[in-house]
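Remarks on the structure that follows.
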Amino acid sequence: MKLSDFKYNLPKTVIAKYPVLPRDKAKLMVVNRETQELETKKFSKVSDYMNKGDVMVVNETRVFQARLFGQKEKTNAKIEVFLLRELNETECIWDVIVDPARKVRIGNKIYFNDKLWCEVIDNTTSRGRTVRFNQPGNIFKAVDKIGVTPLPPYIKRDPEPADRDNYQTLFARVDGAVAAPTAGLHFTSRLIQKIKNKGVTIVPVILHIGLGTFRPVEVEDLTKHRMDSEYFEISQRTADKVNKALEAKKNVFVVGTSTCRALETSTTADGMLKENSGWTDKFIYPPYEFNITTKLITNFHMPESTLLMLTSAFAETDLIFKAYKKALKEKYRFLSYGDAMIIV
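Residue 136 in our numbering sits at position 140 of the sequence shown, and the numbers go up by one each step.
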């Protein structure tokens, strides 16, 4: 398939700037692959499609306050430093993006407050830098108080205090993401308990979502696109629970494309899930045979995005575009703070 196969017109008016509260009141489009039918429900009804013995897999990554605003040593020029990934915990070395980049050179120090500063030690890309922070230990904890929520670039407003909670799933536990696993944003404590009461086992994986999730595909031939690598972890317990469900012919509900990529990265030759950790750049697009995912919960994605391509690989592309057409007509809310879809 080609990049242009995933093009559609997304009006700015349907891009959600704020979430629906409570979270499970968002719309849920039910996409049935067998009957080709589309239904509109509330997300709180997602448990209706789950049965005893099923497994639901969620992403436990936590969005950290990745946007820092500091001042350059001597000139006091205002510099934004966007933390991308930790390269060396002991040495406090990070990959970052700086803005304005022209003012930031190797050897410069950027001060964020009287306790925290970093020194630029290398250039990576045009706006990319490698920096060393002065505080050994947990940088995530240090920036949590002074950083700003890294809202997606298509949400055209400044982050607000409420975004610290709103742009975080209830499953979030391990710092490392600069974008939320947005399908997980729709779950409430009440809904999670309802799912557990049905005899569904909820198990975690970790995939720290990077800025690459927003990076546009720039080649028409999809075989030539390369995903950014993202760190993931799958525990033995999660693998055991998922495999038990698969062997019993039960469903594995996968919450989000990030969770799906972690799972599909870690399959054995006989189509089972294995304990695993490391970096994945797995790119899923049609045609693709899924080994682990039997049902997918996801949001409505950007045109020509890798997330839309994965969703189209799970269901037929024509069916997904039929669902998107219905969603646009019925004024569904799109992207991170928007409504959801379950593909059954």
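Note that CB positions come from ideal geometry on N, CA and C, so glycine has one too.
Pairwise C-alpha distance: residue j and residue i
i      : j       : result
Arg101 : Thr57   : 32 angstroms
Thr307 : Thr294  : 8 angstroms
Asn287 : Asp118  : 41 angstroms
Glu214 : Ala168  : 32 angstroms
Gly274 : Lys13   : 33 angstroms
Lys318 : Arg98   : 46 angstroms
Phe78  : Lys(-2) : 32 angstroms
Lys291 : Met337  : 11 angstroms
Leu166 : Gly66   : 30 angstroms
Ile89  : Lys270  : 31 angstroms
Gly124 : Asp95   : 9 angstroms
Gly143 : Gln61   : 5 angstroms
Asn28  : Leu34   : 6 angstroms
Lys38  : Met305  : 25 angstroms
Gly49  : Asn247  : 8 angstroms
Arg31  : Ile11   : In the sequence under discussion, the amino acid at residue 31 is Thr, which differs from the Arg named in the question. So the two alpha carbons sit approximately 29 angstroms from each other.
Asn193 : Arg211  : 39 angstroms
Asp1   : Tyr281  : 11 angstroms
Glu229 : Thr184  : 24 angstroms
Asp154 : Lys41   : 32 angstroms
Ala235 : Arg257  : 14 angstroms
Tyr45  : Leu112  : 49 angstroms
Phe129 : Asn104  : 12 angstroms
Ile106 : Ala73   : 9 angstroms
Thr9   : Pro18   : 22 angstroms
Phe296 : Leu83   : 32 angstroms
Phe249 : Val116  : 43 angstroms
Glu260 : Thr289  : 8 angstroms
Asn47  : Leu331  : 28 angstroms
Lys141 : Leu181  : 22 angstroms
Met268 : Leu6    : 37 angstroms
Asp161 : Lys245  : 37 angstroms
Leu187 : Gln131  : 40 angstroms
Asp159 : Thr145  : 7 angstroms
Pro157 : Ala22   : 21 angstroms
Val127 : Val340  : 45 angstroms
Thr36  : Ala323  : 9 angstroms
N- and C-terminal bounds of the beta strand (DSSP E) containing residue i
i      : result
Ala173 : 170 to 173
Gln67  : 63 to 68
Lys321 : Unbroken run through Lys321 is the alpha helix (DSSP H), 313 to 325; no beta strand (DSSP E).
Leu203 : 197 to 203
Thr36  : 34 to 38
Ala336 : 336 to 339
Met298 : Taken as a continuous stretch (DSSP letters only), Met298 belongs to no beta strand (DSSP E), as it is neither H nor E.
Ser273 : 272 to 276
Met52  : 51 to 55
Lys23  : 23 to 27
Assigned exposure category for residue i - 16 Cβ within 10 Å defines buried
i      : result
Leu147 : buried
Ser254 : buried
Pro15  : buried
Asp20  : buried
Thr86  : exposed
Pro299 : exposed
Asn272 : buried
Ala176 : buried
Asp171 : buried
Ala138 : buried
Lys240 : exposed
Tyr320 : buried
Asp328 : Per the sequence presented here, residue 328 reads as Tyr, with Asp not at that position. With 16 or more other Cβ atoms within 10 Å, it is buried.
Glu326 : exposed
Tyr4   : exposed
Ser122 : exposed
Asp110 : exposed
Gly334 : buried
Gly195 : exposed
Glu243 : exposed
Thr264 : exposed
Glu285 : exposed
Run of the alpha helix (DSSP H) containing residue i, from where it starts to where it stops
i      : result
Asn162 : 159 to 162
Ala309 : 302 to 310
Asn355 : Since the first and last residues shown for the chain are -3 and 340, residue 355 lies out of range.
Ile142 : 135 to 142
Glu373 : Residue 373 lies beyond the range of the chain shown here (-3 to 340); nothing can be said about it.
Arg233 : 232 to 243
Leu187 : 185 to 193
Test: residue i CB closer than 7 angstroms to a CB of chain B
i      : result
Lys278 : This model lacks chain B altogether, as it is built from one protein chain only.
Check: residue i C-beta below 6 angstroms from any heavy atom of the ligand FMN
i      : result
Leu324 : Absence of the ligand FMN is noted for the structure shown, with no ligands found whatsoever.
Nearest-angstrom beta carbon gap, residue j and residue i [assumed within contact, 8 angstroms]
i      : j      : result
Pro200 : Val54  : 6 angstroms
Tyr150 : Val59  : Between Val59 and Tyr150 the Cβ distance is about 16 angstroms, and since that is not below 8 angstroms, they are no contact.
Ile198 : Met52  : 5 angstroms
Thr173 : Val251 : The amino acid at residue 173 is misidentified as Thr; the sequence shows Ala. Rounded, the Cβ-Cβ distance is 14 angstroms, inconsistent with contact.
Asp217 : Asp277 : 17 angstroms between Cβ atoms; not a contact.
Phe108 : Leu64  : 6 angstroms
Phe279 : His204 : No, Phe279 and His204 are not in contact; Cβ-Cβ is about 17 angstroms, not under 8 angstroms.
| Segments of 3+ residues assigned as beta strand (DSSP E) that fall wholly inside the segment 82 to 151 | 89 to 95, 105 to 107, 113 to 119, 124 to 129
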